[in-house]
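Please read the structure below before turning to the comments.
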Amino acid sequence: MYCISPSFVLGFHGCEREIGERVLAGEATLLDSTNDYDWLGRGAYFWENNPQRALSFATNAQKRSTIKNPFVIGAVIDLGRCLDFTTESALREIRQTYLWLEAASKEKGGQPLKKNNPYLRRLDCQVIDALHTFREFTEAPAYDSVRSPFWEGERLYPGTDFTHETHVQLAIRNVKSIKGYFRVLDLTGKPVEFVRG
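For the sequence shown, our numbering assigns the number 81 to the initial residue and increments by one for each residue that follows.
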């Protein structure tokens, strides 16, 4: 009932400069990520209100040779019907989906549950994708987006659970939720010139 987000958020996507420029020019759109380890399931991934984290992602991908010229684009996003991991109702739905999958995996011929590791979240992806499939099967309204905080990196200081790379990540499942793209500006209002690789 309360899964409709009433406001817009700003999302930031780290990518190859050529792709980002084509999206900004209206010549391309961001494609859904469909890796079996994407922890929020299928969708176009963004960092909520965090262009620096999007740039860190693109820069780290540059080190692995998957991105030559790191770039960040911004998007105005209407989360719409959102599976928001910060709400009890979403967490109950996710837990119930896991329990169904676990029971099905124990039946004869059942598909085994996948496993997570710190970087490849195959179990999480399996559960979230199954949740969307169950909703479709039961004719429940589809989620437009998935939103979750993620604790990553070293602890900020001894005795805390706050970490250096904590962020909120979005997986946008409905392309109509993306209302527009924009070029990231610096504090003076000028377009950010990302360092070329």
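All residues carry an ideal CB built from backbone N, CA and C; glycine is no exception. Since this is a predicted model, take the numbers as computed values, not measurements.
> With 16 as the cutoff for other CB atoms within 10 Å, does GLY176 come out buried or exposed?
Replying inline: Going by the sequence as given, residue 176 is Gln instead of Gly. The residue in question, GLN176, is exposed, as its Cβ has fewer than 16 Cβ neighbours within 10 Å.
>> Assuming ARG202 and ASP116 are in contact, meaning their beta carbons sit under 8 Å apart, how far apart are those beta carbons, in whole angstroms?
In response: 6 Å
>> Looking only at its chain, what residues have a beta carbon closer than 6 Å to the beta carbon of ALA124, apart from the 5 residues adjacent to it on each side?
In response: LEU110, ASP112 and ILE252
> Residue ranges of each alpha helix (DSSP H) run of no fewer than 4 residues wholly in the region 162-186, ordered along the chain?
Replying inline: 168-186
> Distance, Cα to Cα, PRO86 vs VAL248?
Replying inline: 18 Å
> For PHE126 versus PHE92, is the C-beta spacing smaller than 9 Å?
Replying inline: yes
> Cβ atoms of PRO229 and THR166: under 9 Å apart, would you say?
Replying inline: yes
> Can you tell which of GLY121, ALA155 and ALA210 has the C-alpha that lies nearest to the C-alpha of TYR178?
Replying inline: ALA210
>> Using a Cβ-Cβ cutoff of less than 8 Å, which residues in the same chain neighbour LYS195 once the five nearest sequence positions on both sides are dropped?
In response: ARG202 and LEU203
> Skipping 5 residues on each side, what residues in its chain have a beta carbon closer than 7 Å to that of PRO221?
Replying inline: ARG161
> Quick check: the region 96-105 against the region 142-155, are there 3 or more CB pairs under 8 Å?
Replying inline: yes
> In whole angstroms, what is the alpha-carbon distance linking PRO192 and LYS186?
Replying inline: 8 Å
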